[in-house]
Amino acid sequence: MTRYALPERGDHWYDLRQEVYASRGEDVDWLHGAFFTHWPEPGRNIHAQAMAVSNVFFNDQWLGKYSQPSFNRAVEQIEGMVGDILGAPDNGFVVLTSGGTESIEIAVKTARDWARSERPEVKHPRMVLPYSAHPAFNKSAAFFDLEVVRVPRGNDWRADIAAMEAAIDDNTIFVMGSAPSWPHGLIDPIPRIGELAQRYGLWCHVDACVGGFLLPFYEALGHDLTTWDFRVPGVMSMSADLHKFGFVPHGMSTVTFRDEALRSHLVFDFDDWPSGRYATETMQGTRPARAAAACWATMRHLGRDGYMDLASGVKATTDRLVAGIAAIGDLAPLPEPEAGLVVITSTSVDLFAVSEALEERGFPHGMTREPPGLHFTMNPVEDTRPVDMLLEALEGAVNEVRGGRQVSDGTEGSYI
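Numbering-wise (our numbering), the sequence shown opens with residue 1 and increments by one.
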């Protein structure tokens, strides 16, 4: 740890602002980071207005039912809008969290406690996951003492149902699929995973952290998608990040449950201490109110028509990038992008070398190892410059590798 002492005399606000602005000048700008460093931006100065609303609750605490009535109304509206967008059953419920990892942790904890009640004979519970499932499931299993089995993917880069079924044993309590998976941007066969769950009496979770607030509007625009939500019998819970394609400022995710009766397995309820009952639904206790306030303002301002426009913009950006990739040659998406993520693959050029050359041109991006690929998150940009600049840099990087460039540092890509 590098120690940094408090200044003997406090710094002036002007000096602090100047220091922050100077430091930010070293960061990746929006034009270069639009498809990786910066999450989707709704445009129209929406986040600036959301910030103004969040400042009304700047130092307020989120204390469940003990919060201010005005804030509680905002939370109830967010939960109701989320349930409506995700098609939650009438007797379902929504929990607001700080991020996708917390949403997944809560779902896994609830499933574990459900199994303790419904399947008490299971002493060493395990989860069966597709290989492409988010690492947060393993993290949750480590926290809540579950075993994890990851099964190989299918030839289409989606969950292999036969492999999942073969991995199910008497201790299995949990299966899941992604909508879409982060590594490949593809929707797993959720109906078949739900059928497995029903046949073996398992908890089925859908990780829609990426697609939860994009796919409903893709479907409304007429895009044909695998059924991925609570329309699938057997789906018990779903994680979905509002701060991804819900376009709200960071710090807001959701986990939605099929039935109110499951809440008893979710809540941590404790009263054996001097101050009385302590009952919470999330990993956090007290939370800052401002993130939820900004979320409420963004969702209310956008409305259904705004989300439809943004979904259309994401698709248009995707199509423009895919067309540009085809024009460069030696590159292809994996396969046709389904849900706001584009993974670029190649059988003829070294993509790790391309990645290195692209980074040197000022364009950060994600990488996949299986298969080797460049990973991009789509933004509904009204200005096409970020796409065109990325394509120009990508073409230059590919040409450099065609000319003989090789990877200099052995890079294989890292999620974080």
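Don't be surprised by glycine CBs; every beta carbon is placed ideally from N, CA and C.
Quick one, which of SER181, HIS184, ARG192 and LYS139 has its alpha-carbon nearest GLU165's?
One-based indexing of the sequence shown puts residue 165 at position 165. Among SER181, HIS184, ARG192 and LYS139, the Cα nearest to that of GLU165 belongs to ARG192.
Going by Cα to Cα distance, which pick from PRO233, GLU392, PRO69 and VAL148 is closest to ARG197?
Taking the first residue of the sequence shown as 1, we reach residue 197 at position 197. Inspection of the sequence shows that residue 197 is occupied by Ala rather than by Arg. When the alpha-carbon of ALA197 is set against those of PRO233, GLU392, PRO69 and VAL148, the nearest one is in PRO233.
Please classify HIS223: does DSSP put it in a helix, a strand, or coil?
Within the sequence shown, the letter at position 223 stands for residue 223. In the structure shown, HIS223 sits in coil (DSSP, three-state: anything other than H, G, I, E or B).
Quick check on the burial criterion: 16 or more other C-beta atoms within 10 angstroms. Buried or exposed for PHE58?
Stepping through the sequence shown from its first residue, residue 58 is reached at position 58. That one is exposed.
DSSP state of ILE168, grouped into three classes?
Counting from 1 along the sequence shown, the entry for residue 168 is found at position 168. Here ILE168 sits in coil by DSSP.
Give me the Cα-Cα distance between GLY285 and SER275, rounded to the nearest whole angstrom.
Here residue 285 refers to the residue found at position 285 of the sequence shown. Here residue 275 refers to the residue found at position 275 of the sequence shown. When rounded, the distance between both Cα atoms is 15 Å.
Is the beta carbon of LEU242 less than 8 Å from the beta carbon of THR256?
On the sequence shown, position 242 is the one that residue 242 refers to. On the sequence shown, position 256 is the one that residue 256 refers to. Result no, Cβ atoms of LEU242 and THR256 do not sit closer than 8 Å.
Could you confirm whether any beta carbon from chain C is found closer than 8 Å to the beta carbon of MET164?
You won't find chain C in this structure, because it holds only one protein chain.
What distance in whole Å lies between the Cβ atoms of ARG405 and TRP62, which are believed to be in contact at a cut-off of 8 Å?
Looking up residue 62 in the sequence shown gives position 62. Looking up residue 405 in the sequence shown gives position 405. The Cβ separation is near 51 Å, so there is no contact.
Indicate whether the contact test is met: 3 or more Cβ pairs, each with one atom in the region 182 to 192 and one in the region 329 to 346, closer than 8 Å.
yes
Could you tell me which of GLY396, PRO371, TRP203 and LEU391 sits nearest to ASP156, measuring between CA atoms?
Counting from 1 along the sequence shown, the entry for residue 156 is found at position 156. Ranking GLY396, PRO371, TRP203 and LEU391 by Cα distance to ASP156 puts PRO371 first.
Taking GLU76 as the reference, give the member of THR101, MET299 and ALA133 with the closest Cα.
Here residue 76 corresponds to residue number 76 of the sequence shown, with the count starting at 1. Considering only alpha carbons, the answer is MET299.
Indicate the three-state DSSP secondary structure (helix, strand or coil) for PHE213 in the structure shown.
Here residue 213 is taken as the residue at index 213 of the sequence shown, counted from 1. Three-state result, PHE213: coil.
With contact counted as at least three CB pairs below 8 Å, one residue from each stretch, are the region 118 to 129 and the region 143 to 160 in contact?
The way I'd put it, the region 118 to 129 does touch the region 143 to 160; three or more beta-carbon pairs between them come closer than 8 Å.
Give the range of the beta strand (DSSP E) segment to which TRP203 is assigned.
In the sequence shown, residue 203 corresponds to position 203, counting from 1. Start and end: 203 to 207.
What is the DSSP secondary structure of VAL314, counted as helix, strand or coil?
In the sequence shown, the residue the question calls residue 314 occupies position 314. The answer is helix: DSSP assigns VAL314 an H, G or I state.
Kindly list the residues whose CB is nearer than 7 Å to the CB of GLY396, restricted to its own chain and excluding five residues on each side of it in sequence; keep chain order.
For this step, residue 396 is matched to residue 396 along the sequence shown. Only ARG361 meet the Cβ criterion.
Name, in chain order, the residues that DSSP records as bridge partners for PHE268.
Position 268 of the sequence shown, counted from the start, is the residue given in the question as residue 268. Answer is THR280.
If you run the structure through DSSP and keep just helix, strand and coil, what is MET378?
Position 378 of the sequence shown, counting from 1, holds the residue named residue 378. If DSSP states are grouped into helix, strand and coil, MET378 belongs with coil.
Pairing CB atoms from the region 345 to 353 with CB atoms from the region 301 to 320, are three or more of them under 8 Å?
no
Give me the Cβ distance between ALA208 and MET176, rounded to the nearest whole Å; I'm assuming they're in contact under 8 Å.
On the sequence shown, residue 208 is found 208 positions in, with the first residue counted as 1. On the sequence shown, residue 176 is found 176 positions in, with the first residue counted as 1. Wrong, their Cβ atoms sit about 11 Å apart, outside the cutoff.
Output the boundary residues of the beta strand (DSSP E) element that contains ILE344.
As a working mapping, residue 344 is identified with position 344 in the sequence shown. Note, ILE344: beta strand (DSSP E), 341 to 345.
Which stretch, first to last residue, makes up the beta strand (DSSP E) that contains ASP241?
Looking up residue 241 in the sequence shown gives position 241. Element bounds for ASP241: 235 to 241.
Under the assumption that ILE78 contacts TRP296 (Cβ atoms under 8 Å), give the Cβ distance between them as a whole number of angstroms.
As a position in the sequence shown, residue 78 is number 78, starting the count at 1. As a position in the sequence shown, residue 296 is number 296, starting the count at 1. Right, their Cβ atoms sit about 5 Å apart.
Tell me the residue span of the beta strand (DSSP E) that contains PRO130.
The sequence position of residue 130 within the sequence shown is 130, counting from 1. Taken as a continuous stretch (DSSP letters only), the beta strand (DSSP E) holding PRO130 covers 126 to 130.
List, from N- to C-terminal side, the alpha helix (DSSP H) runs of 4 residues or more that fit wholly inside the region 91 to 153.
As far as the region 91 to 153 is concerned, its whole alpha helix (DSSP H) runs of at least 4 residues are 100 to 118 and 136 to 144.
Starting from the C-beta of PRO249, find all residues in its chain whose C-beta is less than 8 Å away, skip the five residues before and the five after it, and write them out in chain order.
In the sequence shown, counting from the first residue as 1, residue 249 sits at position 249. Excluding residues within five positions, the ones whose Cβ falls inside 8 Å are HIS47, ALA50, MET51, SER54, HIS243, ALA291, ALA294, CYS295 and THR298.
Let me confirm a value: GLU17 is counted as buried when at least 16 other C-beta atoms fall within 10 Å, else exposed. Which label applies?
Along the sequence shown, read from residue 1 onward, the residue named residue 17 stands at position 17. A small fix is needed here, since residue 17 is Arg in this sequence, not Glu. When all chains shown are included, ARG17 counts as exposed.
Within this structure, are the beta carbons of ILE173 and ALA111 separated by less than 8 Å?
Along the sequence shown, read from residue 1 onward, the residue named residue 173 stands at position 173. Along the sequence shown, read from residue 1 onward, the residue named residue 111 stands at position 111. Yes, they are a contact pair.
Helix, strand or coil for THR2 per DSSP?
For the purposes of this step, residue 2 is taken as the residue at position 2 of the sequence shown. Coil, per DSSP.
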